[in-house]
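Trainee: Here our numbering is used: the first residue of the sequence shown is 60, the next is one more, and so on.
Think of the CB as a built atom: it goes at the ideal place given N, C-alpha and C, for glycine as much as any other residue.
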Amino acid sequence: MKNFSIAFLVFLGWSAIGLYFLNASDALNRKSIFSSYAPATELAGTGINLNDDDSLNTLSNKGLEDSNINSFVDNNLSRSNEQLIETLTKNIESNTQALEKDKERLREAQLQSGINNKSTNSRRVDYTFYPEFSIGGRVVDNLSSQDFLDYIKLRLEKKPKAKVKVIGYTDYVGSEIDNYKVAYKEAVQVRNYILVRLKLPENQIFAYSKGESDPIVLNTNESERKKNNRIEVVIE
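(1) Between the Cα of arginine 284 and those of Val232, Phe207, Ser204, Lys212, spot the shortest distance and give me the residue it belongs to.
(2) Could you check the C-alpha separation between threonine 155 and aspartate 230 for me, to the nearest Å?
(3) Beta carbon of alanine 266, beta carbon of valine 247: below 7 angstroms?
(4) Per DSSP, what kind of secondary structure is serine 139 in: helix, strand or coil?
(5) Looking at C-beta atoms only, is the number of pairs between the stretch 198–209 and the stretch 266–275 that lie closer than 8 angstroms three or more?
(6) In this structure, how does DSSP classify tyrosine 252 when only helix, strand and coil are distinguished?
(7) Can you tell me whether phenylalanine 192 is buried or exposed, with buried defined as 16 or more other CB within 10 angstroms of its CB?
(8) Looking only at C-alpha atoms, which of Glu235, Ile144, Leu259, Tyr228 sits nearest to valine 184?
(9) Under the rule that 16 or more other beta-carbon atoms within 10 Å means buried, what is proline 260, buried or exposed?
(10) Using alpha carbons as the reference points, say which of Asp209, Val249, Lys217 lies closest to tyrosine 189.
(11) Taking 6 angstroms as the cut-off, is the CB of valine 249 close to at least one heavy atom of the ligand HEM?
(12) Determine, using beta carbons only, whether glutamate 295 and isoleucine 226 come nearer to each other than 7 angstroms.
(13) Could you round the C-beta distance between glycine 208 and leucine 257 to whole angstroms and report it? I think they count as a contact, below 8 angstroms.
(14) At the level of alpha carbons, what is the spacing between asparagine 278 and lysine 286?
(15) If you draw a straight line from the C-alpha of threonine 148 to the C-alpha of arginine 182, how long is it?
(16) Applying the 10 Å Cβ sphere with the 16-neighbour rule, what's the burial state of valine 199?
(17) Are the CB atoms of arginine 289 and threonine 187 nearer to each other than 7 angstroms?
(18) May I ask you to report which of helix, strand or coil DSSP gives lysine 224?
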């Protein structure tokens, strides 16, 4: 019994010491060290409670709204780019058409100037020939062609070693390049016609093209325009 009393007194003493220590260290008022690792219940900066269904729905709707906004912005940017491209394309086409019209007006003005200057700047032309061509492109052998050949033959009898220049011209309907090609092709056909009919050496007669340059009349109507489609011959 005496030993029990002593043990009980020792227990009470240690208990008193323990309570004093807990009270002195304020351990009874401290939270568990694991409390800092508790899962977050609020999304930072939004005021949305993650444990609340309504708040979660709000967050989901907000995400959808953000997605819709981004999609709206992208669509509008794409539409704006398409409109810009369309506008620029139309402007380029309009400017191109205006440029082509200006070029055509300049072209006609230059040709008109050439016609006006013919009276003061006359150039040498020995014969102007208006050949007719067959479907195959050959010169048609008619009265006009015979007169043309007779003139060249007579000139070469007087000057056998003279060089013959056959120069092709067209009107100025169509492109300048195409007109140049047409005039050259016709000049070559006339040259070949002279070579065969008069039996001249090839190094005595030459074909050239001046295309639509040096018109003698304006393209005011079809009958006048035909006067520009011609072959000029220079013998020197």
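Mentor: Answer, in terms of the structure:
(1) One-based indexing of the sequence shown puts residue 284 at position 225. If we check each option's Cα against that of arginine 284, Val232 comes out closest.
(2) Indexing the sequence shown from 1 puts residue 155 at position 96. Indexing the sequence shown from 1 puts residue 230 at position 171. The alpha-carbon atoms of threonine 155 and aspartate 230 are separated by roughly 25 angstroms.
(3) For this step, residue 266 is matched to residue 207 along the sequence shown. For this step, residue 247 is matched to residue 188 along the sequence shown. For alanine 266 and valine 247, yes; Cβs fall inside 7 angstroms.
(4) Along the sequence shown, read from residue 1 onward, the residue named residue 139 stands at position 80. Looking at serine 139 - three-state DSSP - the assignment turns out to be helix.
(5) Counting Cβ pairs under 8 angstroms, fewer than three are found: no touch.
(6) Within the sequence shown, the letter at position 193 stands for residue 252. If DSSP states are grouped into helix, strand and coil, tyrosine 252 belongs with the helices.
(7) Residue 192 sits at position 133 when you count from the first residue of the sequence shown. Exposed, by the Cβ-count rule.
(8) Position 125 of the sequence shown, counted from the first residue, corresponds to residue 184. When only C-alpha atoms are compared, the closest one is Tyr228.
(9) Against the sequence shown, residue 260 aligns to sequence position 201. Result: exposed.
(10) As a first step, residue 189 must be located in the sequence shown, where it is residue number 130. Ranked by Cα distance from tyrosine 189, the first of Asp209, Val249, Lys217 is Val249.
(11) No copy of the ligand HEM occurs in the structure displayed, which carries no ligand at all.
(12) The residue you call residue 295 lines up with position 236 of the sequence shown. The residue you call residue 226 lines up with position 167 of the sequence shown. One thing to note: glutamate 295 has its Cβ no nearer than 7 angstroms to the Cβ of isoleucine 226.
(13) By 1-based counting over the sequence shown, the position of residue 208 is 149. By 1-based counting over the sequence shown, the position of residue 257 is 198. With the sequence shown as reference, residue 208 is identified as leucine, and glycine is not the correct amino acid for it. Yes, they are in contact, since the Cβ atoms of leucine 208 and leucine 257 sit about 6 angstroms apart, within 8 angstroms.
(14) Indexing the sequence shown from 1 puts residue 278 at position 219. Indexing the sequence shown from 1 puts residue 286 at position 227. Taking the straight line from one Cα to the other gives about 9 angstroms.
(15) Position 89 of the sequence shown, counted from the first residue, corresponds to residue 148. Position 123 of the sequence shown, counted from the first residue, corresponds to residue 182. Between threonine 148 and arginine 182, the C-alpha separation is close to 47 angstroms.
(16) Position 140 of the sequence shown, counted from the first residue, corresponds to residue 199. Classification for valine 199: exposed.
(17) Position 230 of the sequence shown, counted from the start, is the residue given in the question as residue 289. Position 128 of the sequence shown, counted from the start, is the residue given in the question as residue 187. In contact: arginine 289 and threonine 187 (Cβ atoms closer than 7 angstroms).
(18) On the sequence shown, residue 224 is found 165 positions in, with the first residue counted as 1. It is a strand residue.
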